[in-house]
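With the numbering used here as the guide, the letters of the sequence shown map in order to residues 8 to 162. Just so it is clear, CB atoms sit at the ideal spot from N, CA and C, and this is done for glycine as well. Some notes on the structure that comes next.
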Amino acid sequence: MQPKVLLRIAAAACGFIALGHTFGGMLGAVSHGPEEDALLKTLAAYTFDIAGSTRSHWDFYRGEGWYLALTKVTFTIVLWLLSNAVAESPALVRRLTAVCTLFFAVGAGLCFRYFFIAPLACSVIATLACGAAWIRLAPLRLQLPPKFQHRLNGR
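Encoded structure:
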């Protein structure tokens with residue numbers, strides 16, 4: 008499969024996480040009962056001073072949720088842009104794809120440990136697609152023994 012297609016697969020997987028997290032977690036979150044409601048109220052009620060600002064654990068919880076949504080949307084766009092740059096800058100795209108592969112691989116580990124199957128599956132797909140694109144973008148280096156070098160040089 009071509010690197011452009013692989014990077015678009017990774018972008019789609021990342022976009023699916025972004026949509027699910029934003030609409031399912033941030034905008035469409037529903038209560039799971041009175042125990043959860045009490046916990047969230049406690050998170051919001053406990054405030055503390057940090058770096059000159061008064062914040063609560065609820066502020067951090069919501070802020071990090073929105074920050075993750077923004078990060079996933081940004082990665083989706085970056086992966087799509089990288090897919091469009093494969094032909095003109097394969098070396099640069101390959102280096103950036105390595106960073107994306109590492110990001111999604113670590114993210115898959117975090118999803119396995121702390122979250123659930125949907126973000127885990129999408130992170131694994133993005134990891135595999137970016138990793139495959141990285142491999143496919145490797146320059147072809149044919150190393151021949153010296154006695155066969157003349158065949159490459161036309162002699």
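- [ ] Apply the 10 Å Cβ neighbour rule to Gly115 and answer buried if 16 or more other Cβ atoms are within range, or exposed otherwise.
- [x] As a working note, residue 115 is residue 108 in the sequence shown. Per the sequence presented here, residue 115 reads as Ala, with Gly not at that position. By the 10 Å Cβ count, Ala115 comes out buried.
- [ ] Could you pull the start and end residues of the beta strand (DSSP E) that Ser38 belongs to?
- [x] If you number the sequence shown from 1, residue 38 lands on position 31. Neither: Ser38 is in no beta strand (DSSP E) and is coded neither H nor E.
Open item on the list: Could you check whether Leu144 and Val85 sit closer than 8 Å to each other, using their CB atoms as the reference points?
Closed with: Numbered from 1 along the sequence shown, position 78 holds the residue referred to as residue 85. Numbered from 1 along the sequence shown, position 137 holds the residue referred to as residue 144. The answer is no: Cβ separation not under 8 Å.
- [ ] For the region 121-128 and the region 34-43, state whether three or more C-beta atom pairs, one from each stretch, are separated by less than 8 Å.
- [x] no
Task: First through last residue of the alpha helix (DSSP H) which encompasses Phe23 - done: Position 16 of the sequence shown, counted from the first residue, corresponds to residue 23. Unbroken alpha helix (DSSP H) run through Phe23: 10-26.
Open item on the list: Distance check for His64 and Glu43, CA to CA, integer angstroms please.
Closed with: In the sequence shown, counting from the first residue as 1, residue 43 sits at position 36. In the sequence shown, counting from the first residue as 1, residue 64 sits at position 57. For Glu43 and His64, the distance between alpha carbons rounds to 14 Å.
Task: Short Cβ contact (8 Å threshold) for Cys129 with Ile57 - done: Working through the sequence shown from its first residue, we reach residue 129 at position 122. Working through the sequence shown from its first residue, we reach residue 57 at position 50. No, the pair does not count as a contact, with Cβ atoms beyond the cut-off.
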